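Throughout the sequence shown, residue numbering follows the numbering used here, covering 63 to 395 in sequence. Each residue gets a CB set at the ideal place from its N, CA and C atoms; glycine is no exception. Remember, predicted model here, so these are calculated numbers, not experimental data. Here's the structure, in structure tokens; my notes come after.
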Amino acid sequence: MRVLLTGGSGFVGGALARHLVQRGDAVKALVRRSSRSEALRALGVELVEGDLTTGEGLDRALAGVEVVHHVAGVTKAASEEGYQRGNAEATRLLAEAAVRQSTPPRLVVCSSLAAAGPARLDRPRSEAEVPRPVSLYGRSKLAAEEAVRAHARVLQAIVLRPPFVYGPGDEVNLPPLMAMARHGLFLKSGFGPKQFSFIHVDDLCEALITAGARGETLSSDDPVRGIYFVADPRPYAWEEFCQALSHGLGRQGARVVSVPEAVGWLAAACSELAARLQGKVSILNRDKAREMAEEAWTCSPERAMSELDFRARYPLEEGLAHTIAWYRQQGMV
Ligand SMILES: NC(=O)c1ccc[n+]([C@@H]2O[C@H](COP(=O)([O-])OP(=O)(O)OC[C@H]3O[C@@H](n4cnc5c(N)ncnc54)[C@H](OP(=O)(O)O)[C@@H]3O)[C@@H](O)[C@H]2O)c1
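Laid out in structure tokens, this is it:
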């Protein structure tokens with residue numbers, strides 16, 4: 063299979079590149095001049111320089127490709143405009159370029175549970191529910207999905223919405239939580255229960271590949287078709303996650319301390335300001351605080367299980383053990 067990958071220099075895209083190459087696919091990756099592409103080069107992936115926000119390099123990258131895995135995205139930005147440009151606009155340019163090809167490739171979009179919005183306790187989200195994103199990030203990912211759906215009559219596209227992704231290569235999500243685990247103390251925003259869905263990056267990669275091969279495609283008449291949540295089917299309470307992470311790190315017991323949501327918001331605002339003063343963008347920001355205030359970020363992978371035969375290979379405890387082994391190898395634990 064001739065495949066184009068976007069986001070190959072990132073966490074999920076890097077893992078997907080390894081899976082695709084292992085399958086024997088001929089992989090091209092769209093990278094920016096500034097991207098860290100050594101790992102892709104070492105895998106034998108063909109690099110095409112370009113930028114999704116300007117559209118540069120897209121036609122060249124798409125030439126002769128059968129499937130596109132669009133994993134690139136912006137998970138933190140300093141403004142709403144930054145999220146829209148990096149997610150919605152970038153995806154729109156990619157979809158338009160795909161449609162310009164004489165034979166448009168199938169397009170698999172790595173969206174997010176954030177595009178659908180939060181769930182209720184003990185009621186994981188299903189694809190049939192109307193999306194209600196609560197963050198700027200989530201709204202930009204939903205707008206990206208819509209930008210692709212606009213071409214549904216000519217472009218075969220599939221959307222996957224993963225929840226919290228973890229696994230080898232994650233340098234953003236898990237490391238700050240491991241720091242809490244080392245101190246034996248986890249914080250929780252708000253005093254009520256919180257639930258989350260998770261997916262190991264290898265499970266996500268398998269799901270993306272299967273979706274590219276035989277997922278139902280988006281339709282302009284049916285808002286639900288072609289969209290899949292992919293996750294470990296069991297939702298976890300925040301306390302269970304903290305326990306599992308501590309256990310994986312060989313620590314006894316995890317104490318979870320609830321702090322008022324206002325404290326979480328203030329910490330996020332301070333972190334955002336500190337980063338801004340250094341000309342950086344913090345992953346802990348007010349947009350993230352908006353998400354953290356919700357009681358459940360859970361989703362049901364039932365549809366992916368029945369239509370894509372999706373089976374999460376890694377329940378959380380096992381997935382964390384596998385991931386922590388990688389962190390140890392890297393000297394990060
Ligand atoms: N990680 C999670 O928990 C999670 C959960 C749900 C959904 N997702 C989605 O999964 C995808 C991958 O996330 P990730 O955690 O792997 O993010 P990541 O590590 O930050 O990687 C983002 C990738 O996108 C590329 N990119 C960004 N803007 C680009 C542009 N204008 N042109 C070309 N490439 C561009 C980056 O390239 P550079 O190397 O040049 O910066 C990088 O390769 C995203 O779409 C995200 O929304 C992630």
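Out of the options, which has the shortest C-alpha to C-alpha gap to residue i?
| i | options | result |
| --- | --- | --- |
| L183 | C361, S164, G106 and Y228 | C361 |
| Q314 | L109, R244 and G274 | R244 |
| E301 | A176, G246 and L198 | G246 |
| E191 | G75, E353 and P285 | P285 |
| Q146 | R185, E128, A206 and V129 | A206 |
| E189 | V74, R223, G200 and V130 | R223 |
| G326 | Q305, H309, E356 and S308 | E356 |
| R384 | L370, I261, R338 and N347 | First, the amino acid is wrong: residue 384 is His here, not Arg. For the residues L370, I261, R338 and N347, the minimum Cα distance to H384 belongs to I261. |
| L66 | S97, V110, F73 and A77 | V110 |
| Q392 | F226, S99, E233 and R375 | E233 |
| A176 | V227, G126, V127 and L155 | V227 |
| F73 | P297, S308, A306 and L236 | L236 |
| C304 | S202, P193, L382 and H131 | L382 |
| R317 | A125, V129, G69 and L249 | L249 |
| D87 | G69, S251 and E108 | E108 |
Confirm the yes/no value for this check: CB of residue i, any heavy atom of ligand 1, distance under 7 Å.
| i | result |
| --- | --- |
| S71 | yes |
| D294 | no |
| A134 | yes |
| L183 | no |
| N235 | yes |
| T115 | yes |
| S141 | no |
| F303 | no |
| A152 | yes |
| C172 | yes |
| T385 | no |
| V107 | no |
| P224 | yes |
| K350 | no |
| T68 | yes |
| V74 | yes |
| R373 | no |
| K342 | no |
| S259 | no |
Please go through the same chain and pick out, in chain order, the residues whose beta-carbon is closer than 7 Å to the beta-carbon of residue i, but skip the five residues on each side of it.
| i | result |
| --- | --- |
| A366 | A269, Y290, F291, V292 and F372 |
| K350 | A330 |
| P166 | A160, V216 and L217 |
| R198 | The sequence shown places Leu at residue 198, not Arg. E142, Y145 and D349. |
| T116 | none |
| A139 | Y145, G148 and V343 |
| A273 | V170, I220, L222, Y290 and L370 |
Can you list, in chain order, the residues of its chain whose CB lies under 8 Å from that of residue i, leaving out five sequence neighbours each side?
| i | result |
| --- | --- |
| L311 | M240, A243, R244, I386 and V395 |
| A219 | A157, R168, L169, V170, V171, V210, R211, H213, T279, L280 and G288 |
| G112 | L92, V93, R94, E118, G119, L120, R122 and A123 |
| P377 | D294 and R296 |
| P195 | A176, A177, A178, G179, R201, K203 and L204 |
Got a sec? Which residues, its chain only, sit under 6 Å from residue i by beta carbon, not counting five neighbours each side?
| i | result |
| --- | --- |
| E353 | S197 |
| A152 | L114 and T115 |
| G135 | N149 |
| S71 | V93, S97, R98 and S99 |
| E379 | A306 |
| P297 | P186, Q257, S259 and T360 |
Checklist entry - Considering only residues of the segment 171 to 232, which uninterrupted alpha helix (DSSP H) runs meet the minimum length of 4 residues and lie entirely inside it, listed in chain order? => result DSSP runs (the alpha helix (DSSP H)) wholly in the segment 171 to 232: 175 to 178 and 198 to 211.
Item to check | Inside the segment 237 to 310 only - beta strand (DSSP E) runs reaching at least 3 residues | outcome: Within the segment 237 to 310, the complete beta strand (DSSP E) runs of at least 3 residues are 247 to 251, 260 to 262 and 289 to 291.
Item to check | beta strand (DSSP E) runs contained entirely in the segment 83 to 133, provided each spans 3 or more residues | outcome: Runs of the beta strand (DSSP E) inside the segment 83 to 133: 88 to 93, 108 to 111 and 129 to 132.
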